[in-house]
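Visitor:
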Amino acid sequence: MNRAANFLGWLGRGFLGMTGRLGDAASLSASSLGLVAAPPWQGRHIVIQIFNIGVGSVAIIALTGAFTGMVLALQGYYTLSKFGSESLLGAGVALSIIRELGPVLGAMMLTARAGSAITAEIGIMRVTEQVDALEMMAVNPRARIIMPRIIAATLSLPLLVAMFDLIGIGAGYLVGVDLLGVNPGAFIAEMQAKVTSHDINTGWIKGVGFGFLVGVICTYIGYRATPTTEGVGRATTQAVVLSSVGVLVLDYILTSFFL
C-alpha cells in the first residue's frame, strides 16, 4: 500500500508540476506577445531575430531538403517498381515532403540550430544579469527578449519549409529522372495531378504551428533557466528535447485534423 501511495503521489506531483509549467509558459508567452504593439516598437529586434533564426538556418535546411528528396526518390522507386508504378514517383515524393517531411524535418533542424541558440542566449543573459539590467533601464525584457524571438520563429519556419519543399522535390526529380530513368513527363504530370492546394496549405499551417511552438518552448526554458553554467546547459538540452517531442505530437494532431 505504501509503495502504491508513493507511486500515486509521485505521479500527482509530476502532473501538477507539468501543469504549472505549461500555465507559466502560456502566461509568459501571451503577455510577451501582447506587447508587440506597445511602445517602443521592437521592429528592429524582430528583423534581427528573423535574420539570425531564418537566414542563419538556410544552409542546413537546404542540405537536409536535398538529401531527403534524394533518399525518398531512391526508396520510392524501389517500392513502386515492385508494382510497376514508377510513374507515381513524383507524386509520392512531393506529397511526402509537402505534407510531412518538409514541416517536421524543417522544425527539427530549426530546433537544433536556432532553438538551442535561443535558449542558451537567454540563459546566458540570466547568468550575466543582462535581464536585470534591462529592467533597471525601464526596458521590458519580455518585449525585448521573448516576443521578437517567438515572432521570428513563427514567420521564418514556413518560409524555410517552402524552401525545403522546393529543394527536396528538385533533388527527387534529379535522382528519379536522371539516375533511375523515370519518365520526366510522367514525374511532373503525376505530381501536378496528385498534389492539391489542401496539401500545400497543410504544410504551411504546420510550419506556422511548429515555428510558434519552438519559439515558445525555447524562449520560456531559457528565460526560466537556473542562472548558472550547469543550469544553462540543462535548459538547452531540455529545450531541444521538448521542442522535438512537441513537434511530433503537434504533427499528429494537425495531420489528424487536416486529413
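Those letters in the sequence shown? Residues -15 to 243, per the working numbering, in order.
Don't be surprised by glycine CBs; every beta carbon is placed ideally from N, CA and C.
What you are looking at is a predicted structure, and each value in this text was computed from that prediction instead of being measured.
1. With burial defined as no fewer than 16 other Cβ atoms inside 10 Å of the residue's Cβ, what is the status of serine 65: buried or exposed?
2. Over the uninterrupted alpha helix (DSSP H) stretch that includes glutamine 33, give me the two end residues.
3. Alpha carbon to alpha carbon, how far is leucine 73 from phenylalanine 171?
4. Quick one: residues in its chain with C-beta nearer than 6 Å to the C-beta of valine 39, no 5 flanking neighbours on either side, listed in chain order?
5. For the alpha helix (DSSP H) that contains leucine 47, what are its first and last residues?
6. For asparagine 124, name the three-state secondary structure that DSSP assigns.
7. Grouping DSSP H, G and I as helix and E and B as strand, with all else coil, what is asparagine 167?
8. Among Ser80, Ala136, Ala219, which has the Cα closest to the Cα of asparagine 36?
9. What separation, rounded to the nearest whole angstrom, lies between the Cα atoms of glutamine 59 and aspartate 235?
10. Serine 140 lies in the alpha helix (DSSP H); which residues open and close that run?
11. If I'm right that threonine 63 touches glycine 152 with Cβ under 8 Å, what's the distance once you round it to whole angstroms?
12. Could you have a look at proline 327 and say whether DSSP puts it in helix, strand or coil?
13. Give me, in chain order, the residues of the same chain whose beta-carbon lies closer than 8 Å to that of leucine 56; leave out the 5 immediate sequence neighbours on both sides.
14. Given a cut-off of 7 Å, decide if isoleucine 134 and threonine 244 are closer than it, judged by their beta-carbon atoms.
15. Would the beta-carbon of alanine 104 fall within 7 Å of that of threonine 220?
16. Rounding to the nearest angstrom, what Cα-Cα distance links leucine 118 and tyrosine 207 in this structure?
17. Write down the C-beta distance between leucine 197 and valine 161 rounded to the nearest angstrom, noting that I regard them as a contact closer than 8 Å.
18. Under 8 Å, with one C-beta from each stretch per pair, do the stretch 164 to 182 and the stretch 220 to 229 reach the 3-pair mark?
19. Start and end of the alpha helix (DSSP H) containing aspartate 235?
20. Can you find at least 3 beta carbon pairs, one from the stretch 123 to 134 and one from the stretch 22 to 35, that sit closer than 8 Å?
Guide: In brief:
1. Here residue 65 corresponds to residue number 81 of the sequence shown, with the count starting at 1. With fewer than 16 Cβ atoms within 10 Å of its Cβ, serine 65 is classed as exposed.
2. Position 49 of the sequence shown holds residue 33. Its alpha helix (DSSP H) spans residues 27 to 37.
3. Numbered from its first residue, the sequence shown carries residue 73 at position 89. Numbered from its first residue, the sequence shown carries residue 171 at position 187. Between leucine 73 and phenylalanine 171, the alpha-carbon positions lie close to 6 Å from each other.
4. Position 55 of the sequence shown, counted from the first residue, corresponds to residue 39. Apart from sequence neighbours up to five positions away, no residue of its chain approaches valine 39 with a beta-carbon distance below 6 Å.
5. Mapped onto the sequence shown, residue 47 falls at position 63. Secondary structure note for leucine 47: its alpha helix (DSSP H) is the uninterrupted segment 42 to 64.
6. The residue given as residue 124 occupies position 140 in the sequence shown. Coil, per DSSP.
7. Against the sequence shown, residue 167 aligns to sequence position 183. Asparagine 167: coil per DSSP, three-state reduction.
8. Within the sequence shown, numbered from 1, the residue matching residue 36 stands at position 52. The candidate whose alpha carbon is nearest that of asparagine 36 is Ala136.
9. One-based indexing of the sequence shown puts residue 59 at position 75. One-based indexing of the sequence shown puts residue 235 at position 251. Taking the CA atoms as reference points, glutamine 59 sits about 23 Å from aspartate 235.
10. As a working mapping, residue 140 is identified with position 156 in the sequence shown. According to the DSSP assignment, serine 140 belongs to the alpha helix (DSSP H) that extends over 131 to 157.
11. Indexing the sequence shown from 1 puts residue 63 at position 79. Indexing the sequence shown from 1 puts residue 152 at position 168. That pair is no contact at about 18 Å.
12. As shown, the chain starts at -15 and ends at 243. That puts residue 327 outside it, with no answer to give.
13. The residue given as residue 56 occupies position 72 in the sequence shown. Counting only Cβ-Cβ distances below 8 Å, and skipping sequence neighbours, we find Gly76, Val77, Ser80, Ile81, Leu85, Gly152, Gly156.
14. This structure cannot speak to residue 244, because the chain is shown only from -15 to 243.
15. On the sequence shown, residue 104 is found 120 positions in, with the first residue counted as 1. On the sequence shown, residue 220 is found 236 positions in, with the first residue counted as 1. Note that the C-beta distance between alanine 104 and threonine 220 is below 7 Å.
16. For the purposes of this step, residue 118 is taken as residue 134 along the sequence shown, with counting starting at 1. For the purposes of this step, residue 207 is taken as residue 223 along the sequence shown, with counting starting at 1. So the alpha carbons of these two residues sit roughly 14 Å apart.
17. Counting from one through the sequence shown, the residue named residue 197 turns up at place 213. Counting from one through the sequence shown, the residue named residue 161 turns up at place 177. That pair is no contact at about 36 Å.
18. Taking one beta carbon from each stretch, the stretch 164 to 182 and the stretch 220 to 229 have fewer than 3 pairs nearer than 8 Å; the two do not touch.
19. Translated into positions along the sequence shown, residue 235 becomes position 251. Segment 213 to 242, the alpha helix (DSSP H) holding aspartate 235.
20. Verdict: yes, contact present.
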